Every structure is written in structure tokens, then in C-alpha cells.
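A.B. asks: Okay, handing you the structure first.
Residue numbers (the numbering used here), protein chains in the order written: chain V, 1 to 335; chain Y, 336 to 670; chain Z, 671 to 1005; chain U, 1006 to 1340.
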């Protein structure tokens, strides 16, 4: 039985991780930590846990954590994460980190989009935890950087085309819409119900931090630098990300060829479903699946993907990574 | 042309009042004030005003206000309101006040549900601005207390039965559901989209401040003390209040008798529509109408009403009161 | 391993039952049937099943069903159900029926609200499957009438007060709001998104078929006839029922007394949670829990309950009943 | 006073047109027609009209229409429209047609995306009613083809760049999200609340009929053939279209240059607002405004536009066209 600590248990990815682990036959939550004002009974923090998890959220005690946990899911925001992760690793605990701090390998890029990096040493050894594309690197890692929500859906949508060199590596458009849970649990004017309801809008125009992360994953898959334009939008629903990608084939391809390529590429992947008509986010809500529909329109490769941003885009993928780290069946607890 | 100042223009009832006044042929907004951090161009505060109102929101300057306005719509919260209203009245400006400060005539009741009252003098002269029930008192008033959103819908639903003494004046249930705009513009955990969406819940159990206000209006209509239980709930929509009321007839009545009573009672009211099937909040969204469906079920009088909480439940009713104060047709700007 | 057939697998309660059974360690779906135009791959009917259930929905073949299934979940509408159930029972298959056909014991009442009853023989032996109130009758039954969604939430909310004779057995108000999935899968004008969204409205005024069902359950619990007024409303969300109940204590009680009564009454029930503040439907969405908050307001007993209408109000409760029928832990597959 | 007939008054664009005309000081609705099963009191068809319009919807009587109306708003679907329009024109009534039948000038393109055209004669004389781009052609026309909802937002977003030859005329991406009212009033599985709520999905991949319409308008503005890829999606809200467009500048431009270009281009347009940050559909809901935010990201021109699909994308634009046809101020009734 794998013993799991959740650091930053007071946020949405924390509770999603708890819910998955409650159904996981080979893992159990042994420790929950959060900020002092979030230290309370887990069911007082999240009403949906009432009767299912009788555990207090406590202030972090590193010694205690090291004694009771084999792995920590670190659900902290960037910058905060890189202050804790070295200590966790030093205490011999494996870490799956939800922040951006260990995702971007190029420190200069990280520091351009985020801020000064304070743990370059561990950054060098971190692996990017998108199993479908980088599974072999994850096995045996001590520190997994769990991918961002948008990068998960976008990278899976583009990977087959890039791996096979079928599209140009510049001029790619990724136009995505996320549900509001992607914005986190803190109330704000933008996500206040009377503003967000009956609304949809673009944000982060030209500056969203997931743009370089998608480019990094795409470049790794392509084997050469990929340059793309990522534009996020937020819509009036709780969960899910729809990514619509548009790219230019190097030479003409048909919809049938592209469909076959995707079916072959993902044929052994338990969590990627190549579907034969446009996908809908509701079909993957509360699941770890990514549904992808690839086609060709007027000569362009047009590929849509949908995921649940909190599951495949965060907590589900983290458990998937945990299963890999501990040599469990990758789908355990996730179906 | 009536010149209107809006005090507290940064909230939802402020912008609703502006929108109505932009369509009003005999009134115009001449002055907008708000808290310092809300002082900006009106269209920067509310995107929907762009191109329609080129006016700054300014810090309150009482002298200026008195020069440019005949009437002030005071869209401030309780307690704040009673600090400003005496000054406005002193400057010779009529006031339509949106807060609860001048609604409850019994100071002891006010102070039980709210806090110490600091302007009892003006309270004594304020009139309760529910035109369909208290129109004659409104004409000629200097200070109108604009009713609360729930009390508007609930009082109109119950008034015909109470006026005619057809129901018992105790044991009445008013079970209401409001849209989220009723909670105002400040972000909070309860109204954060990912919490409020796909949700509905009761609140204010036994302690909601609109309970004594409904009782006061109901008692005035009945001519004797009315005691009722008011239970509010909030649901995942922007606008509207549905009130479902349940009461006990003194002697048996039929659905047809009750329907006839309501049609007669409201036959000259431009904003009350007695409808022949259960109403829906969407039918009155963005209007000043109240739709009411009265019937009898298993011997109980069951009456439903729907209003737009921001229009008939706030800004529309304020303009209706303004029209009465200035001898304009009551429906002007509201149809 | 219990083998389960689902009859009427093309509706919402069918797919919910499938989803639960996919997680059930001691039961498996062995047969899916539906109307001819719904006979297709399960994942084509419900996108969320893709990759999780590789099974066709087939036309009903009673002989086949009897060979492959120990129990049938009969997710058919009323009238249709009572045409099939006798055959299923005759083939030696246990039946958990989702329709109203076997819920109402008084044929005259059934026929007043529904239509002529064509299977009075089995009706006489059917048990009403609300385990928290009638568990002992369920064990060993061949035919379980799975309760309606509203009656489940309402009966659990009122039962402790009625069992202990604390409230009057007439004049009870049950005012409920359901999510739209309660209206089923067939498109209609009332549930068309642009009508239902941003809307809430009462329906079934005085005639809703769940009124006599709630009365029957309440009367059984009270040990004498209970007469109540049930009023349903529908709001703009997918899942959940909030029931707000108002009743008159026989003698004065305090909120604390009522709370203690409820905690005692349900202290051994795994799926009923007596909570200390008003509940929200989102807290029980996708779970088999019923959360109840009992209190006293102005002398009235006011009790709120929330359930997921498709889980505790339908498919979850059916699996709970199945677990009882087959001597499995009652919570299996449901936590 | 312009007398207006509405043909096909039973749909969403019909009632929107009625609502606008009720506020129009120089026009009045004189005749409403619809299919026989929609012939009822207007307020029975649309609850929000109760008390505001006391008029029956009648079967079409061409002689009567010609007597009581100066202009007909023809809110019929394609194919049906071209069967009626010749008769209306023959009766001397001006026509503003909401269908696609008179929008596509190239009959071969129309017939590829729609069906055989049966009124080529009037098609030849119809003008495309997008006032901001084709105002001079609208004046004096007898038949105005009111633009589609997506083409309105997309064309206004792209026009300044195309008119000035700043972007390449191929490879343009238009990725749009519409609210559900765009799908019309007929219930269907795709727009059933429990399916559409909490959902977003692409549709019409490669085949949407608005693609050639946008290309036609864009080509007219550019003065040469424009080839673009239009991808629509539908999201869980009532009203609004957000269009995100991505195109390649011919030579490098800055965000500031593009912003200035747009401000100049639309500086005299009352209904186009070039805004300085990303727009939100809620800001234009229930208005005739189009808000546009143009910028440059990684060398690409990125332009967002938002409209209300039923107002600027249909009924508002029709009234705007009507005002032009009858030499009224273009904004009358629309502000």
C-alpha cells in the first residue's frame, strides 16, 4: 500500500487527488497539509468528503511527513513549490509536483514567464510527467513535474503529427477553452458567478505561461524547435478543456490518413481515445481520458482534444504518474 | 427633464439604474459617485456601458450633487446609507434609498436584525416604496425606502389574500430562490463560479433580514399583525426571484375564486401580471414585471411570484417610485 | 459475482447504473437492453463510457436474459414496466424496478395518478426499496420498487420527526427543486437549453405523482395517515434535489433537540449525513449520500435534505438495494 | 411611422425583433405571422411579451400584409424564405430576409452548401446587409439579405486588415464559440439542457455554411479572393458569439499599429467598439454592439470580436438595416 501525502490539500487539485485515492486499491492518503487557515477537518473544507474521509488537514511537519508517506503530491502554486520540494526530496520522499517550477527545462524561459528559479539542481533531474509521450523517463524518477492542464490536452492533440514530421513546426495555432475550475479556488471578480455565468472571453493574450510549456513538449516530440501560438479562453462551466488546433501539413494529407496515424499512435494508450466525430468536454468530465478527433479541413490539419482539466489535466495524471513510479498498473484507481 | 444622481454607482443596482435611465425620456443621469477605488470611467467599471454613457464615476461632493441633481438614487449598503441620507435631504435633494435603513418602521426590529439606527428622524418620515400596495403614501414624499428584492415578490404574492382577510395571519410559508446577482458584486467563496455553478442551497435560515420586512408589509396590507416564515435559497442563475408561498385559508376557497380575486386586485396595475399557469423567472428577466400565479392545492392557498431581483426588486422599482415622485406616468422608461 | 441486466439502458438511470457497476467489485453488467432505435454500442449511446465498457445494447431477449443475469435493473417508464416485470420474475430473475408501477400499494391511488394497473399480483409482493426506512422488508424480496427521486429526499428529511410523533401529520409542506436530469433524456421545449438556462419554475402544481408516494412512505413511518403538500420546481443545473420541508411540532421543540433526534436516528446509516449547517446539492453530486439539516424556525420544524437525483434518487439506491438482496455490504460500489 | 410585418414570428429572431420594435419610436409591429401551430397570442408564445404586446400571431395572408406593412422582416429558414420573398416583393413590400437564401451571390456556392436556388432573379438584386462594410449598397434596396451571426462577428473582426491589404488572404483561421440560442428554438438532443450544460464542443467541421459567407464578405472587403478556415463551437450560455481570428501579416506590424488601424477604421461606427483589452460576450449581451480587440502575438495578427448573436447577429442588425432603408438615424431603437 503506497502512502501518499498531499501538500496544499485545500485547493481543487488537492481534493480531486483525495477523491481518486479513496478509490485506489493500492494507495491511501496518510497526511494532508495546507496553510494554517485551511487546517480543519477535510470534510469541513470539502463538503463532498463528508463520511468518506475522516482526516484533519494539518500544518506541514516535514519529519512527520517523511515517516508516514512514500510520495508527496505537491499541490502548491509556483514559487512556493520550489521552496518545499528540495526538503521533501531530501527527506527521501518521492515528489509529484503540480506547479510549473519543474516543468520548464530552460531556466531563462522559466524566468521570463515566471520569476527567478531557486532550485536549479532539482530542476535538472525532474522529468516531465506526460506518460503518453515521455513514459520511459518517468519510471525511476524521484521528482515528476506534473504537466499543466492546457499543455496536456494540446500536446496530446499535436504529438502524432509532430512525431512523424507531417506538419510545419511554426505557425501552429492552439485555441483552447477551459472551465472555471482551472482558475482555482480563490474568489475573484473574473470568476464571480454573476460575471462568469453567461460569459466567455479570451485572456492571457500572448503572455500565457503555458505557451512555452506546450512548445517545449511539442519540440521534444518533434525533435526540433516548434513555435506555436497558444490562446486560452474561459467559458461558463466547471470542468474541462477543449483545445482546437490548426496546423499546416508539410505535404498534402487526407483526413483518413491523419485518422489512421492517430489511431496507430495511441492504440496502446489506455487514456487516449481517438474518436470518429468531434468530441465534447462532457464526455470526459470526471475521467482521466483524453478524447482526440483529428481531421483535415481545406488542407489544414485540424485536431480537437478534450480533457477534464482537474483529472487528466492535474490530479488524475498525477496518480497515473504515481502508478508508474511505483510499478503499479498505470490505470489503477483511474477507471 | 429630471436630473438623477446615483450614489454607489459601482454596484449592480447602480448600473441597472443607469441602464434604465438611459432609456427614460424624461430623466437623465447627471452625477455618478462611488468609493474612491471605484472612481473611473463608467464604461471601465461596466463594459456593457461602453459607447452608451460617457461619464466618470466621481467621489461624492455634496455641493456639486445638490446643484446638478433633483433626486438621488442611493445604492449604498445599510448603515452606510443612513450616514449619507440626512445630508442629501438637507441639501434639498429627494432620495430613493436602496438600503434597509429606512424600510423597517419599528426601530427595535431594525436594531435586532441590523444594528443601532442613527437617523430615526428621517426614518419616521420615510415611505415604503412598493407602489402597488402603498402608492398614495409615495406621492409627495422626500424619502422613499425602496423595498428589498424578496419582500417585493413575496408581498405582491400575498397581498390580495391578506387584504381580503382570506388567509390566516400566522403559519404562512414563503420559500424563495434568488439568482446570484442578489448577492452583490463582491467576490466571495459562496458565489465563486465553481462553487455556485451546478449548485443550490438554503441560507439565512431563521435569520434573514427580509423576514421582518415582509412581515411589516404584510401586516400593513392585512391591517393586523402577520407572522410568517421566510426561507431564502440561492440558485445557479444571474437574475430573478421565484417565491413559492403556502398559506391556510380561513374558510375553504377554490382555485377559481382565488384567481378571480387576484385578477381583480391587480387589474389596473401595469407591472403585475396575474398569469394562468406557473410562472418562470426567465419570463420577467430584464423587466419590471411581477408575474403571479395563485391557486389552491389540497385546501392550501399556493401562490407563486417571479420578478427580476435587480429590476422590480431594485432599480426598476426605484425608477417607478421616481416617476411617482415627479408626477410622470408610472411606466415611463420601464416598458 | 452478481450478474446484472439493465433493461432500458438508453436513459440516464441506465447509464448511471452502468457507471456504478463498473466500480462494483462483486457485480458486473452482463446484458444491456433498450428500444430498437437505441440498440448500438454502449459507448455510442453514452460518450463517457468509451473505453470503459465494450458492450452492445441489444433488443430484449428474455431467454437470454434469464441465462446471463441474476438480477434485472428495470429502468423503464411506468406502464411499460408492469408489462415486463411479470415475465422477468417468471423467469426467476430478481427485479429492481425504477418505475412507479410497484411503489404505490393502494391501487386506487395509483390509478388516480397514473393509469389502470395490470399487475396487481406482483404489486402485492413488491417492497418499497428505501433501505434506511424499510431495510428489513427488502431482504429476501424478489421485486423491489426503487423509490422516486423526490420521495427519497423528502421521506428521509421527515422520517425522524414522524417516527417519533413530534410533528402534526397534516399541513406539512415539501418544497423541492430538482436539476434537469430529473426530466429524462428526451428533448422537450421545457428543457431546451435556451429556455431552461437562467430559469427556474414550479411545475406539477397539485398533481405531481410523487405526492402520494411521499405520503405513503411518510404514513408508513408515522404509523398513521400523513397528509402533505408537495411542490416541485426545476432549476438550471444537471443533478441534485434540494427539499425544504416545513412542519408544525405537536409540542414546542428546540433546534438542539431536533438535531440530536436526527443524529441518533441516522447514526448507523452509511448514506445519511446529518450536517450542522444548510446543505448544498453540489456536496452530494455524483454520490449516494443524503445530507440533512434539521432545525427549528419560529416554532416550525424546518428540515432540508439534498441528494443526487440520479444516484441516491435512482441508480445508487438501486445498487444499495441490490447489495441488500444479495447479502453484500450495503455500501459496496457506492463509496 | 414605419409599419413592420414579421414573418416567422415564432422563433427567437422573431421575438427579438418584436422586443426591439417595441422600443423603436418610428416603427411599429403591425402583423405577425407563423406556422399554423404557432398561431396564438404573442404572449402565449413568448411569456416575456405579456403585457407589452397584445397581438395575435396569424397565418400569412399576403393581401393583408401588403395593406398593413411597409417592410417585412422575414425570419424564415433557408429554402422556405425564397418561396415567400418573391411574393412579398411583388406585393410592393420591402424585405429584410434573415435566411441564407439571398446572401451568397455565387449560385454554385449556394447550391453546394444549401440546395437548388429557386429565386435567382431576386438574388441578383439583393444586397448584403452588413452596414459597417456595405452601407452605401443598402440604401434604396428592396431586398436586404441580413447576414448570418458568425459572418457578422468574423467579418467585422477581419475587415480593417483585409481592406488595407495587411494580411495574407489565405490561411486565416476563424475559431468561434456561440451561445445555444444560435441553434434555434426547436428542442434537440444536442441542445437538451442535461447534454449542453457543462459542455462545449466543435461542430460543422469543414462544412459549416457560414464559411463561404464569411469568405464572400471578406473577399469583397479585400478586393480579391480570400480563403479562410472557419470553425464553430457551441458553449453553455444563451447568447453571444466570440470569434478569435488568427492571420499572417504581409509584413511585420506592431500591436499599436493594428490598434490604431482599427480605431481609425471604425471611428464613425456607432455599433463597433474597438476596445483596449480582450472582450467578453457578456458585455454586449442584449445590445447591438460589436466589441473588437485587435493585437499582434508572435508576429500573427490576433483579433477577437464579440456580438450578441440574436441582436447584432440577427434582429438588431435587421432593424439597423431597416433604419437605413427608411432614412432614419441608424441607431434608432437600438441604443
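Just so it is clear, CB atoms sit at the ideal spot from N, CA and C, and this is done for glycine as well. None of these values were measured; they are calculated from a predicted model.
#1: Mind listing the chain V neighbours of residue 573/Y? Cutoff is C-beta to C-beta under 9 Å, in chain order.
#2: Which residues of chain V have a Cβ atom closer than 9 Å to the Cβ of residue 1256/U, listed in chain order?
#3: Measuring alpha carbon to alpha carbon, tell me which of 695/Z, 768/Z, 888/Z and 763/Z ends up nearest residue 981/Z.
#4: Given a cut-off of 9 Å, decide if residue 174/V and residue 157/V are closer than it, judged by their beta-carbon atoms.
#5: Would residue 375/Y be called buried (16 or more neighbouring beta carbons within 10 Å of its own) or exposed?
#6: Among residues of its own chain, excluding the 5 on either side of residue 117/V, which ones have a beta-carbon nearer than 8 Å to its beta-carbon?
#7: Based on the DSSP secondary-structure assignment, which residues constitute the bridge partners of residue 949/Z?
#8: When you compare only the Cα positions, how much space is there between residue 57/V and residue 185/V?
#9: Do residue 580/Y and residue 507/Y count as a contact pair if the criterion is CB distance below 9 Å?
#10: Any contact between the segment 120-135 of chain V and the segment 177-196 of chain V? By contact I mean 3 or more CB pairs, one from each, below 8 Å.
#11: Pull up the DSSP beta-bridge partners for residue 607/Y, would you.
#12: Any chance the CB of residue 643/Y is under 8 Å from a heavy atom of the ligand HEM?
#13: Taking just the CA atoms, how far does residue 984/Z sit from residue 1172/U?
#14: Classify residue 362/Y as buried or exposed, calling it buried when 16 or more other Cβ atoms lie within 10 Å of its own Cβ.
#15: Thinking C-alpha only, which one of 612/Y, 560/Y and 440/Y is nearest residue 455/Y?
#16: With DSSP as the reference, please indicate the residues paired to residue 1038/U in a beta bridge.
#17: Buried or exposed: which applies to residue 1006/U, given that a residue is buried once 16 or more other Cβ atoms fall within 10 Å of its Cβ?
#18: Nearest by alpha-carbon distance to residue 309/V: which of 153/V, 210/V and 255/V is it?
#19: So that I know if they touch, is there some Cβ in chain U lying closer than 9 Å to that of residue 231/V?
#20: What first and last residue would you give for the beta strand (DSSP E) that runs through residue 582/Y?
#21: Which stretch, first to last residue, makes up the beta strand (DSSP E) that contains residue 1102/U?
#22: Give the residues of chain U in contact with residue 30/V, contact being defined as C-beta atoms less than 9 Å apart.
#23: Report yes or no: is there a C-beta of chain Z within less than 9 Å of the C-beta of residue 116/V?
#24: So that I know if they touch, is there some Cβ in chain V lying closer than 9 Å to that of residue 830/Z?
#25: Rounded C-beta distance between residue 961/Z and residue 987/Z? I'm assuming under 8 Å.
#26: Does the Cβ of residue 825/Z have 16 or more other Cβ atoms within 10 Å, making it buried, or fewer, making it exposed?
#27: Could you spell out the range, first to last residue, of the alpha helix (DSSP H) harbouring residue 469/Y?
#28: Does chain U have any CB closer than 9 Å to the CB of residue 993/Z?
#29: Kindly indicate the opening and closing residues of the beta strand (DSSP E) around residue 1149/U.
#30: Taking the C-alpha atoms as reference points, what is the distance between residue 557/Y and residue 628/Y?
#31: Answer yes or no: do residue 139/V and residue 324/V have a C-beta to C-beta separation smaller than 9 Å?
#32: Determine the direct distance from the alpha carbon of residue 462/Y to that of residue 430/Y, and round the result to whole angstroms.
#33: Is the Cβ of residue 914/Z closer than 9 Å to any Cβ of chain Y?
#34: On the DSSP letters alone, give me the boundaries of the beta strand (DSSP E) that residue 595/Y sits inside.
#35: Which residue comes first and which comes last in the alpha helix (DSSP H) that contains residue 162/V?
#36: In this structure, does DSSP put residue 975/Z in helix, strand or coil?
C.D. replies: Judging by the given coordinates:
#1: Against the second chain, residue 573/Y aligns to sequence position 238. Neighbours of residue 573/Y on chain V, chain order: 193, 194, 197 and 198.
#2: Numbered from 1 along the fourth chain, position 251 holds the residue referred to as residue 1256/U. Correct list: empty, because the minimum Cβ distance to chain V is about 16 Å.
#3: Position 311 of the third chain holds residue 981/Z. Shortest Cα-Cα distance from residue 981/Z to any of 695/Z, 768/Z, 888/Z and 763/Z involves 768/Z.
#4: To locate residue 157/V, count along the first chain from 1; it is residue 157. To locate residue 174/V, count along the first chain from 1; it is residue 174. For residue 157/V and residue 174/V, yes; Cβs fall inside 9 Å.
#5: Looking up residue 375/Y in the second chain gives position 40. With fewer than 16 other Cβ atoms within 10 Å, it is exposed.
#6: In the first chain, residue 117/V corresponds to position 117, counting from 1. Same-chain partners within the cutoff: 82, 101, 107, 110, 111 and 123.
#7: One-based indexing of the third chain puts residue 949/Z at position 279. Partner(s): none; residue 949/Z has no beta bridge.
#8: Start at 1 with the first residue of the first chain, and residue 57/V comes out as number 57. Start at 1 with the first residue of the first chain, and residue 185/V comes out as number 185. Rounded to whole angstroms, residue 57/V to residue 185/V spans 17 Å at the Cα level.
#9: Numbered from 1 along the second chain, position 172 holds the residue referred to as residue 507/Y. Numbered from 1 along the second chain, position 245 holds the residue referred to as residue 580/Y. Yes.
#10: no
#11: Numbered from its first residue, the second chain carries residue 607/Y at position 272. In the DSSP output, where bridge partners are listed per residue, residue 607/Y has 625/Y.
#12: Ligands are entirely absent from the displayed structure, and the ligand HEM is therefore not among its contents.
#13: Taking the fourth chain and counting its residues from 1, the one referred to as residue 1172/U is at position 167. Taking the third chain and counting its residues from 1, the one referred to as residue 984/Z is at position 314. Approximately 57 Å, taken between the alpha carbons.
#14: Residue 362/Y sits at position 27 when you count from the first residue of the second chain. When all chains shown are included, residue 362/Y counts as buried.
#15: On the second chain, residue 455/Y is found 120 positions in, with the first residue counted as 1. Among 612/Y, 560/Y and 440/Y, the Cα nearest to that of residue 455/Y is on 440/Y.
#16: Taking the fourth chain and counting its residues from 1, the one referred to as residue 1038/U is at position 33. 1012/U and 1063/U.
#17: Residue mapping note: residue 1006/U aligns to position 1 of the fourth chain, counting from 1. Under this definition residue 1006/U is an exposed residue.
#18: The residue given as residue 309/V occupies position 309 in the first chain. For the residues 153/V, 210/V and 255/V, the minimum Cα distance to residue 309/V belongs to 153/V.
#19: Here residue 231/V refers to the residue found at position 231 of the first chain. True, the Cβ-Cβ gap to chain U drops below 9 Å.
#20: Taking the first residue of the second chain as 1, we reach residue 582/Y at position 247. 576-582 is the extent of the beta strand (DSSP E) around residue 582/Y.
#21: The count along the fourth chain starts at 1 and reaches residue 1102/U at position 97. Its beta strand (DSSP E) spans residues 1099-1102.
#22: As a first step, residue 30/V is located in the first chain; it is residue number 30 there, counting from the start. In chain order: nothing, as chain U lies at least about 33 Å away.
#23: The residue labelled residue 116/V in the question sits at position 116 within the first chain. So no, residue 116/V is outside the interface.
#24: Numbered from its first residue, the third chain carries residue 830/Z at position 160. It does not: the Cβ of residue 830/Z has no partner Cβ on chain V nearer than 9 Å.
#25: Position 291 of the third chain, counted from the start, is the residue given in the question as residue 961/Z. Position 317 of the third chain, counted from the start, is the residue given in the question as residue 987/Z. About 15 Å separates the two Cβ atoms, so there is no contact after all.
#26: On the third chain, position 155 is the one that residue 825/Z refers to. Here residue 825/Z is buried: its Cβ has 16 or more other Cβ atoms, across all protein chains shown, within 10 Å.
#27: For this step, residue 469/Y is matched to residue 134 along the second chain. Looking at the DSSP string, the run of the alpha helix (DSSP H) that includes residue 469/Y is 466-473.
#28: Looking up residue 993/Z in the third chain gives position 323. Not closer than 9 Å to any Cβ of chain U, the Cβ of residue 993/Z fails to qualify, so no.
#29: For the purposes of this step, residue 1149/U is taken as the residue at position 144 of the fourth chain. First-last of the beta strand (DSSP E) with residue 1149/U: 1148-1150.
#30: The residue given as residue 557/Y occupies position 222 in the second chain. The residue given as residue 628/Y occupies position 293 in the second chain. Each residue's Cα considered, the two are about 20 Å apart.
#31: Start at 1 with the first residue of the first chain, and residue 139/V comes out as number 139. Start at 1 with the first residue of the first chain, and residue 324/V comes out as number 324. For residue 139/V and residue 324/V, yes; Cβs fall inside 9 Å.
#32: Mapped onto the second chain, residue 430/Y falls at position 95. Mapped onto the second chain, residue 462/Y falls at position 127. Approximately 11 Å, taken between the alpha carbons.
#33: Start at 1 with the first residue of the third chain, and residue 914/Z comes out as number 244. Cβ-Cβ to chain Y under 9 Å: yes for residue 914/Z.
#34: Along the second chain, read from residue 1 onward, the residue named residue 595/Y stands at position 260. Note, residue 595/Y: premise wrong, no beta strand (DSSP E); alpha helix (DSSP H) at 590-600.
#35: Taking the first residue of the first chain as 1, we reach residue 162/V at position 162. In this chain, the alpha helix (DSSP H) harbouring residue 162/V covers 149-163.
#36: Numbered from its first residue, the third chain carries residue 975/Z at position 305. Correct three-state label for residue 975/Z: strand.
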